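Residue numbers for the sequence shown follow my numbering, so the first one is 1 and each next one is one higher. Glycine included, every Cβ here is placed at the ideal spot set by N, Cα and C. As the structure is a prediction and not an experimental result, all values here were calculated from the model. Scroll down for the structure; my scribbles are underneath it.
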Amino acid sequence: MNTIITIGRQFGSAGREIGQKVAAHFGIPCYDKELLSRAAKESGYCEEMIQNHDERPTNSFLYNLVMDTYSFGYNASSFVDMPISHKVFLAQFDTIKKIADEGPCVIVGRCADYALADYQNCVHLFIYGDEDAKTKRIMRIYKLNEAKAKDMIIKKDKQRQSYYNYYSSKKWGRADSYDLCINSSVLGVEGTANLIIQYIEDFEKRNGQPL
C-alpha cells in the first residue's frame, strides 16, 4: 500500500466516516481534525486559531488586521503582511505535505487534493449525497429538526465551497476536479467504503504498487 487518498465531501454525506473505514481496511492513518492539532503544533499557532479558520474563506478584513498586529516569529515581510487566514492555510498546506511524505494515509477535506497535486501516488475523491439522506443524518447526529439540519448543510457546504474555490485553482464538487465522485446515498457508508477500497486496489495494481 503506497497510496494517499484525499476526500472532499458534502456536509452530511458521511465522508469522514467512509474515510475512516477505508483507512482501517488498509491499516493506514486517517486525518481530519487530527490535521489541525498537528498543524498547530508544527506551526506554533494555537489550535483554537487554526480551528477558527478551518475550511473557512478569508474572515473580515478588520479581524485579519487585528490578528496581524501580533508577531508570529516570521521575518519575511511578505509573510508578515499576509492575512492570518492565509497563514493558517499555509500551515495546513505544509502539514498535509509532511503527512503525505510519511506514507500512505487518508486525508479528509482541507484542499488536500490541491496541496498534493504534484504527488503521483494520490487518488482524489469527492463524496456527495442525496438531500434527504444528508438531512436525516444531520438531524440524527446533531439532534436538530429538519429545517435547522437543512440550514446547517447549506451553510457548511457554502463555507467549504468558498474555502476550496478561494485557495484552489479548481472547483469544489465538480467532477473534473477529482478522480472519482461518489453518491454515498446509493450504496450507504459500508458500500461506498467498499467501492473506494476496490478502486484503490485497482489503482495500485495498475501502477504496479505492492498491496
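By the criterion of a C-beta distance shorter than 8 Å, C105 is surrounded in its chain by I4, I5, A23, I28, P29, C30, Y31, I99, once the five residues flanking it on both sides are discounted. Under the three-pair Cβ rule at 8 Å, the region 140 to 153 does not count as touching the region 82 to 91. In the three-state DSSP reduction, Y114 falls in the helix class (H, G or I).
Non-local C-beta neighbours of F203 in its own chain, meaning closer than 7 Å and more than five positions away in sequence, comprise T3, V123, ordered along the chain. Membership of G19 in the alpha helix (DSSP H) is indicated by the continuous run 15 to 26.
In the structure shown, the three-state DSSP call for F126 is strand.
Residue state for T192 is assigned as helix, using DSSP reduced to three classes. According to DSSP, residue pairing for N183 in a beta bridge involves Y128. According to the DSSP assignment, T95 belongs to the alpha helix (DSSP H) that extends over 84 to 102.
Scanning L125, E34, K21, D157 for the CA closest to the CA of G12 turns up D157. Annotated three-state conformation of Y45 is coil, per DSSP.
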